[in-house]
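Numbers 239 to 543, taken from the numbering used here, label the letters of the sequence shown in order.
All C-beta atoms, glycine included, are put in the ideal place defined by N, C-alpha and C.
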Amino acid sequence: MNIKEVQDEIIRLKKENDICILAHSYQAHEIIEVADFTGDSYALSKMAAGVSNKTVIMCGVRFMAETVKMLSPEKKVILSSPIAGCPMAEQMDKDMIQQIKEKYPDHTVVAYINTTAQLKTVCDVCVTSASAVKIVSALENENILFIPDCNLGAYVAAKIPDKKIMLLKGGCPVHAAVKKTDAENAKRLHPDAELLVHPECIPAVTELADYVGSTSGIMKYARESDKKEFIIGTENSIAEHLQYECPDKKFYLLSKGLICENMKSTTLVDVLNCVKGCGGEEIIMDAQTIAEARKCIDKMIELGG
Ligand code: 13P
Ligand code: SF4
């Protein structure tokens, strides 16, 4: 079978079996073409709450599939690539955060959605890169413990100086590896290009950017801008998707190293096997974990709008 035939078979089987395919924007082009919905972590969470199909296949990483399961516990939720974890989500665990909470009981614990379901059970509210500033601003408490991404946390803290935001040392190994010199070199090579970066990058990089936002935010900005050239500072698939979508514009990579192996571990054949019912991993979560962990997802949706 060629790619088109595999895609046609996926589309046929997902309809026949009442399956919805959700894909994060970092997925490959041929997967996005067969998805029912593509977006950033926030858009996917909101979409997950309203899906009517009895099975959902998540082409992304584990915490995204867990979020779908929490929001739709009655559905069968399949993670298309069982090895697709997010290293940042594993950096902090429930016991560690519980100990810190005991030391700082007056702090509201804000968790980036890139966390495990277990960790979410001890957090107050979740955020995504698209919603973090809005949600933290809306919290009454001025004392915030922001976990696990200290780079996103520093970005939020700079935007909301009236909050006292405590950060721990965690973050995305892919985005945090981009150096200030990468941004300086890219700007020197492409002096007419705007620099668009994800807030998971270090402050020395986000400070040089013309726009800082989520994956969907970066795509929207580039699509709608009158400018013709952009340096893309997030997973390199975003520059590729934008180049397909906007052939009259030029997209450059901030760094060749901006590749998330976990996001890229899903193949079209994985998706085919999932719709056939013989691939991926079904997300199984007990009712108590779902009940405890989804509170902070519900709060995110309530405050994020
Ligand atoms: P967003 O989809 O929220 O931009 O986050 C990107 C990311 O790190 C997904 O793992
Ligand atoms: Fe996790 Fe970073 Fe990959 Fe996103 S890009 S899934 S934060 S490792």
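Nearest-angstrom Cα separation, counted from residue j out to residue i
{"i": "Q481", "j": "K487", "result": "7 Å"}
{"i": "I270", "j": "E380", "result": "40 Å"}
{"i": "E432", "j": "V450", "result": "11 Å"}
{"i": "K253", "j": "A529", "result": "31 Å"}
{"i": "L406", "j": "D256", "result": "42 Å"}
{"i": "T353", "j": "E438", "result": "14 Å"}
{"i": "I248", "j": "M302", "result": "21 Å"}
{"i": "A368", "j": "G455", "result": "7 Å"}
{"i": "P343", "j": "K332", "result": "15 Å"}
{"i": "I521", "j": "E340", "result": "31 Å"}
{"i": "V513", "j": "K313", "result": "15 Å"}
{"i": "Q336", "j": "M523", "result": "21 Å"}
{"i": "Y393", "j": "L496", "result": "19 Å"}
{"i": "P485", "j": "M334", "result": "48 Å"}
{"i": "A421", "j": "D400", "result": "29 Å"}
Backbone secondary structure at residue i - three-state DSSP
{"i": "V289", "result": "coil"}
{"i": "G542", "result": "helix"}
{"i": "G471", "result": "strand"}
{"i": "I316", "result": "strand"}
{"i": "G518", "result": "coil"}
{"i": "E445", "result": "coil"}
{"i": "G455", "result": "helix"}
{"i": "M330", "result": "coil"}
{"i": "T305", "result": "helix"}
{"i": "N381", "result": "strand"}
{"i": "I398", "result": "coil"}
{"i": "E530", "result": "helix"}
{"i": "V416", "result": "coil"}
{"i": "G277", "result": "strand"}
Identified DSSP bridge partners for residue i
{"i": "C364", "result": "A349"}
{"i": "M296", "result": "L260 and L317"}
{"i": "E422", "result": "E422 is not bridged to any residue."}
Contacting residues, own chain, Cβ-Cβ under 7 Å from residue i (five flanking each side not counted)
{"i": "A531", "result": "M308, A355, K358 and T359"}
{"i": "Q329", "result": "P386 and G408"}
{"i": "F489", "result": "F468, I470, A477, L480 and Q481"}
{"i": "N500", "result": "V299, A322, G323 and C324"}
{"i": "S503", "result": "S319, I321 and A322"}
{"i": "C410", "result": "M326, D387 and E438"}
Residue i Cβ short of 7 Å to the ligand 13P heavy atom set
{"i": "C324", "result": "yes"}
{"i": "N474", "result": "no"}
{"i": "Y393", "result": "no"}
{"i": "C516", "result": "no"}
Residues near residue i in its chain [Cβ-Cβ closer than 6 Å; skip 5 each side]
{"i": "A261", "result": "I269, I270, A273, T276 and C297"}
{"i": "C258", "result": "D274, V289, N291 and V294"}
{"i": "C364", "result": "A349, I351, C534, I535 and M538"}
{"i": "C187", "result": "Because the chain here runs from 239 to 543, residue 187 falls outside it and cannot be looked at."}
{"i": "A376", "result": "L541"}
{"i": "P311", "result": "I528"}
Cβ-based neighbour list, residue i, same chain, cut-off 8 Å, excluding 5 preceding and 5 following
{"i": "K418", "result": "I440, A442, V443 and L446"}
beta-carbon residue i near the ligand SF4 non-hydrogen atom, thresh 7 Å
{"i": "P343", "result": "no"}
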